[in-house]
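Asks: If you're matching positions, the sequence shown starts at 26 in the working numbering and goes up one per residue. Glycine included, each C-beta is placed from N, C-alpha and C at the ideal position. Provided herewith is a single structure, encoded as structure tokens, for subsequent inquiry.
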Amino acid sequence: MSTILIVALPTPLRRLFEYLAGQQDPSSLQPGVRVEVPFGNQTLVGVLVDVADTSTLPADKLRPIHAVLDSAPILPPDILALCRWAADYYQHPPGEVYHAALPTQLRKTETAPPQTTFWRHTTKGKGLPEQALKRSPKQQQIHQLLLQHGRLSDADLKLFDVSRAALRALADKELICGERGEPDQQPAAPLNAELMLAETPQQLNAEQQTAVDRIRYHHYQTYLLEGATGSGKTEIYLHAIARSLQAGKQVLMLVPEIGLAPQTLNRFRNRFRVPIVQLHSHIADGERANNWRAAANGSARIVIGTRLAVFTPLPDLGLIILDEEHDLSFKQQEGLRYSARDLAVMRAYKADIPLLLGSATPSLESLQNALAGRYEHLILTKRAGSARPPRMETVDMRKEGSNGVLSARAMETIRQTLARGEQVLVFINRRGFAPSLLCRHCGWVANCTACSARLTLHSQPCHLHCHHCDLQRPVPGKCPSCNYPELNALGQGTERCEAILQQQFPQTQVLRVDQDSMRRKSAMADLGRQLEQGEPCILVGTQMLAKGHHFPKVTLAVLLDIDQGLFSGDFRGPERMGQQLIQVAGRAGRGDLPGTVLLQTYQPDHPLLQLLLREGYHAFARSLLQERMLARLPPHWAMVVIRAESKRAENAVDFLKEVLQIGRDLRRPSPEHAYLGPLPALMEKRNHRYRFQLQISNARRAELQSLLKNLVERIETIPLAQRVRWNLDIDPQDMS
Ligand SMILES: [Zn+2]
Ligand SMILES: [Zn+2]
Ligand SMILES: [Zn+2]
């Protein structure tokens with residue numbers, strides 16, 4: 026009998042692989058270590074997930090592994106279990122799931138842990154009184170940290186954000202010295218309670234206090250914290266975090282993708298004097314791997330990250346918080362199409378700890394869970410401090426005169442706001458100058474040759490751009506179809522809006538915020554600083570503006586194109602429109618100044634819009650839940666979308682027809698189980714490929730899951746599966 030190793034490898038195959046242990050020391054073969062193995066004629070790094078006595082394969086088919094790369098498991102049992110669950114639930118190749126849980130750097134063969142420098146006091150430094158360096162606060166900070174901890178590595182000091190110059194200055198004075206060594210696996214000494222709070226927590230109002238008191242720290246429970254912008258959700262997070270830290274626990278804080286993390290980080294650093302690390306895509310691979318290790322060995326006490334951070338090993342995890350839980354970026358839209366929110370629920374459940382989901386505009390999924398009693402619903406109705414909710418008004422664009430972009434009323438309100446020395450935000454969810462270029466003579470439109478989409482006209486610099494495949498073209502001087510010498514920009518984008526406002530208000534700074542203008546890493550932070558100075562200005566931007574940033578001097582928000590959401594081909598369109606509208610409105614009047622929100626619409630009487638404006642998001646969302654129930658849509662029904670793409674449309678359609686047939690054989694349609702499709706996707710052609718989809722939904726999630734298991738196995742045997750790109754999206758968030 027020999028030892029068989031079950032290894033997860035990053036391949037698109039939906040299975041694990043078996044290897045022989047070879048000459049490896051059996052004690053080193055613990056699930057969770059990385060191994061290097063031969064695979065065909067390649068060498069791959071995989072994760073050892075199990076050890077067995079017998080194999081399903083004949084012994085001569087098995088090959089020994091090359092090497093064990095870690096002396097101890099780097100993925101602990103709870104993360105292995107989470108990966109297993111995710112692979113199973115999302116019907117995804119398991120190797121890719123385990124692989125995704127590792128930071129990029131650890132996906133390669135790297136064995137020796139990197140050397141680092143450890144800093145400690147010299148005898149002279151140790152003798153120095155505690156306050157001796159208080160005239161130089163940065164040196165004083167290091168002095169105190171070393172008095173407290175004895176010895177700290179470079180990585181530790183980085184966590185505390187200490188100045189390198191101060192470190193060198195202390196070394197020059199021979200007060201401290203560094204020595205090279207391997208990084209510790211030992212967590213830093215636990216900190217005592219006073220040291221954990223760098224600033225005094227804010228006084229909570231009664232509503233906030235009730236919410237904080239209802240959280241129980243020793244058991245699993247998901248809480249939905251629903252509170253309007255400015256109602257003080259963050260302060261509740263900070264209180265909950267303090268409680269967890271004081272109990273010796275680590276905290277995982279998940280935030281949406283764009284821009285939020287640095288802002289949150291600063292807020293947290295001001296409050297907690299404990300090591301805090303970030304895990305998101307703006308951090309270089311090396312630093313990310315270091316941060317990941319600090320989380321995994323327990324030295325980092327708070328981890329702030331985007332969706333992938335849900336897989337981070339945390340030995341003392343005591344609390345998970347997911348802020349802006351409705352945000353689309355928590356769902357990965359390619360590869361492993363997982364929802365970090367749903368995985369966080371599973372992780373909290375298995376770890377038996379609380380999970381806090383926060384939002385001013387909860388997703389219908391979470392709201393439904395709260396209304397059904399599966400989540401505990403914590404509601405904040407009041408704005409914290411002196412801030413008042415903004416006044417919302419519609420501008421009927423059928424009656425109002427406009428300059429093509431902004432109504433006369435909006436222009437006048439902007440002028441008055443600027444004259445009072447306040448700031449204005451104009452929200453338009455299209456970047457570029459105009460969404461299309463048109464010949465008024467023959468009707469020619471600039472279309473992308475690779476996608477069923479129009480090319481966006483940009484003015485800075487002047488070019489045509491496809492936002493779906495990135496195709497770029499110069500702007501033709503005359504109509505390519507009829508040679509008419511003039512082409513017209515049709516519709517409006519951020520650049521056009523910026524140009525019009527700059528022309529109307531030449532003395533005022535107009536700042537554009539979209540993917541194009543915010544390309545630089547620090548662009549958002551720079552913008553924040555500029556706004557804080559408080560000069561009157563106009564911000565023009567896309568939904569990037571709606572993501573939780575704090576603009577205390579903005580008192581007027583103008584929303585230009587909210588109507589699209591009401592008539593979207595995606596059943597989530599109205600939900601997203603409502604969330605966006607409330608999130609943008611929440612940017613106005615957060616300080617002591619009251620805010621005004623103007624909605625330009627051609628549909629001022631639309632019942633959903635009226636409901637949203639009169640009774641607020643909660644009533645609006647409950648009404649959408651009713652509609653979804655009648656339409657047998659999520660969250661009441663569980664749904665999967667099977668997508669297929671091919672350069673030949675008939676391949677994608679025929680493939681999905683076969684999938685449909687297999688599905689029907691396995692489970693006939695019924696009042697509880699439905700098939701829809703194959704249908705063309707909302708964008709039928711993208712990057713030269715035709716896109717079709719098949720929807721399957723069932724009133725019960727478990728039944729859909731068991732059908733999918735059988736279905737996926739059979740799909741892989743369809744010959745056409747080799748000729749199309751296909752994927753499975755469970756609980757799809759984006760139907761485009
Ligand atoms: Zn023409
Ligand atoms: Zn563009
Ligand atoms: Zn394109």
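1) Please return the same chain residues whose Cβ sits closer than 7 Å to the Cβ of E600, not counting the five positions on each side in sequence.
2) Can you tell which of T386, L489, P340 and L172 has the C-alpha that lies nearest to the C-alpha of T647?
3) I'd like to confirm something about G566: is its beta-carbon nearer than 7 Å to some heavy atom of ligand 2, or not?
4) What residue from C464, L184, C473 and A267 has the CA that sits closest to K710's CA?
5) Residues near ligand 2, CB to any non-hydrogen atom under 7 Å, in chain order?
6) Quick one: does the C-beta of L496 sit closer than 7 Å to a heavy atom of ligand 3?
7) Buried or exposed for S52, please, with buried defined as at least 16 other CB atoms from any protein chain shown within 10 angstroms of its CB.
8) Distance check for H575 and A106, CA to CA, integer angstroms please.
9) Do Q357 and I329 come within 8 Å of each other at the CB atom, strictly closer than that value?
10) Just the C-alpha distance for E349 and T79, rounded to the nearest angstrom, thanks.
11) Is it right to say A236 is buried, meaning 16 or more other beta carbons lie within 10 angstroms of its own, or is it exposed?
12) If I follow the unbroken alpha helix (DSSP H) through M654, where does it start and stop?
13) Does G598 come out as helix, strand or coil in the three-state DSSP assignment?
14) Between V1 and L585, what straight-line distance do the alpha-carbon atoms span, to the nearest angstrom?
15) Using the C-alpha atoms, what's the distance from L515 back to I743?
16) Since A550 is in the alpha helix (DSSP H), which residue starts that stretch and which ends it?
17) Could you say which of N316, C476 and G594 lies nearest to E670 if we only look at CA atoms?
18) Quick one: using the 10 Å Cβ neighbour count with 16 as the cut-off for buried, is H243 buried or exposed?
19) Give the range of the beta strand (DSSP E) segment to which C562 is assigned.
20) Please state if the CB of I99 and the CB of I131 are separated by a distance shorter than 8 Å.
21) If we count the other Cβ atoms within 10 Å of its Cβ and call it buried at 16 or more, is L34 buried or exposed?
22) Determine, using beta carbons only, whether Q275 and G203 come nearer to each other than 8 Å.
23) Cα separation between E447 and K578?
24) Consider the C-beta atom of Y363 and the heavy atoms of ligand 1; say whether any pair is separated by less than 7 Å.
25) Who does G255 pair with in a DSSP beta bridge?
26) Which runs of the beta strand (DSSP E) spanning at least 3 residues fall entirely within the segment 300-356, listed in chain order?
27) May I ask you to report which of helix, strand or coil DSSP gives Q527?
28) Taking 7 Å as the line, does the beta carbon of C522 fall inside it for any heavy atom of ligand 3?
29) Compute the Euclidean distance between the alpha carbons of A151 and L222, then round it to the nearest angstrom.
30) In whole angstroms, give me the CA-to-CA distance for P19 and M664.
31) Could you check which residue in E520, M278 and S761 has the C-alpha nearest to that of R292?
32) With a 10 Å radius around its C-beta and 16 neighbouring C-beta atoms as the bar for buried, classify F592 as buried or exposed.
33) By Cβ distance, which residues of its chain are closer than 7 Å to F680, with the 5 residues on each side in sequence left out?
34) Between S506 and ligand 1, is there a pair consisting of the residue's CB and a ligand heavy atom that are separated by less than 7 Å?
35) Can you check whether the CB of A478 is closer than 8 Å to the CB of H490?
36) Could you give the DSSP three-state label for Q747: helix, strand or coil?
Replies: Well, looking at it:
1) L389 and L649
2) Going by the sequence as given, residue 647 is Arg instead of Thr. Of the listed residues, the one whose Cα sits closest to R647 is T386.
3) Placement of the Cβ of G566 at a distance of 7 Å or more from every heavy atom of ligand 2 is found.
4) Selected option, being the one with the closest Cα: C473.
5) R456, G457, T481, H483, H490, H492 and D541
6) yes
7) exposed
8) 38 Å
9) No; because the gap between Cβ atoms is not below 8 Å, this pair is not in contact.
10) 48 Å
11) buried
12) Y642 to L655
13) helix
14) Because the chain spans 26 through 761 in this model, residue 1 falls outside it and cannot be assessed.
15) 45 Å
16) A548 to E557
17) C476
18) exposed
19) C562 to G566
20) According to the sequence displayed, residue 131 carries Leu and not Ile. It is a contact, given that the beta carbons lie within the stated cut-off.
21) buried
22) Contact flag unset, no.
23) 6 Å
24) no
25) DSSP, once it has assigned bridges, lists no residue as partnering G255.
26) 301-304, 327-330 and 342-348
27) helix
28) no
29) With the sequence shown as reference, residue 151 is identified as Lys, and Ala is not the correct amino acid for it. Linking K151 to L222 through their CA atoms gives a straight-line distance of about 25 Å.
30) Residue numbering for the chain in the displayed model covers 26 to 761; residue 19 lies beyond these limits and cannot be assessed.
31) Selected option, being the one with the closest Cα: M278.
32) It counts as exposed.
33) Sequence-distant Cβ neighbours of F680 in its own chain, meaning closer than 7 Å and more than five residues away, are A669, I743, L745, A746, V749 and W751.
34) yes
35) no
36) helix
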